[in-house]
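Numbering (the UniProt record's numbering), first residue to last: 1 to 93.
Idealized CB from N, CA, C, for every residue including glycine.
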Amino acid sequence: MQKRALLMDEKDNVAVVLDHVNSGDIVSISLTGESYKEIIAVDDIDLYHKIAVKEIKKEEEIYKYSEIIGKATEDISLGKHVHINNIESVMVL
1 MQKRALLMDE KDNVAVVLDH VNSGDIVSIS LTGESYKEII AVDDIDLYHK
51 IAVKEIKKEE EIYKYSEIIG KATEDISLGK HVHINNIESV MVL
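Written out as structure tokens, the structure reads:
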């Protein structure tokens, strides 16, 4: 079964997975309901967690739902699980 993830804006660099994903699974990314691209997961990712849809460099801002949600604390490769171990929250006022 192909796994699914949702991307809300083209500037987002993470998508939310809609199924439990295992490392090596192909994840079909939809952008506002339309097929966007497919990537291969490099980590196991729990339901509703984030997957990197682009290469993200250390200190680069993380965008989800077209909003900045944090900064990368390390380089994050395409298909990697994006979570508290590799991002730090930032408050945008």
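Counterpart residues of residue i in DSSP-defined beta bridges
| i | result |
| --- | --- |
| Val42 | In DSSP, Val42 forms no bridge with anything. |
| Leu18 | The partner list for Leu18 (beta bridge, DSSP) is empty, contrary to what the question assumes. |
| Gly24 | In the DSSP output, where bridge partners are listed per residue, Gly24 has none listed. |
Which of helix, strand or coil DSSP assigns to residue i
| i | result |
| --- | --- |
| Leu31 | strand |
| Tyr63 | strand |
| Glu88 | strand |
| Val53 | coil |
| residue 149 | Because the chain here runs from 1 to 93, residue 149 falls outside it and cannot be looked at. |
| Lys58 | coil |
| residue 96 | This structure gives no information on residue 96, because the portion of the chain shown stretches from 1 to 93. |
| Lys71 | strand |
Neighbour-count burial assignment, residue i, 16 or more Cβ in a 10 Å radius
| i | result |
| --- | --- |
| Leu47 | exposed |
| Gly33 | exposed |
| Val53 | buried |
| Val90 | exposed |
| Lys11 | exposed |
| Asp25 | buried |
| His20 | exposed |
| Val63 | According to the sequence shown, residue 63 is Tyr rather than Val. Buried, since its Cβ has 16 or more Cβ neighbours within 10 Å. |
Range of the contiguous beta strand (DSSP E) that encloses residue i
| i | result |
| --- | --- |
| Leu7 | Lys3 to Leu7 |
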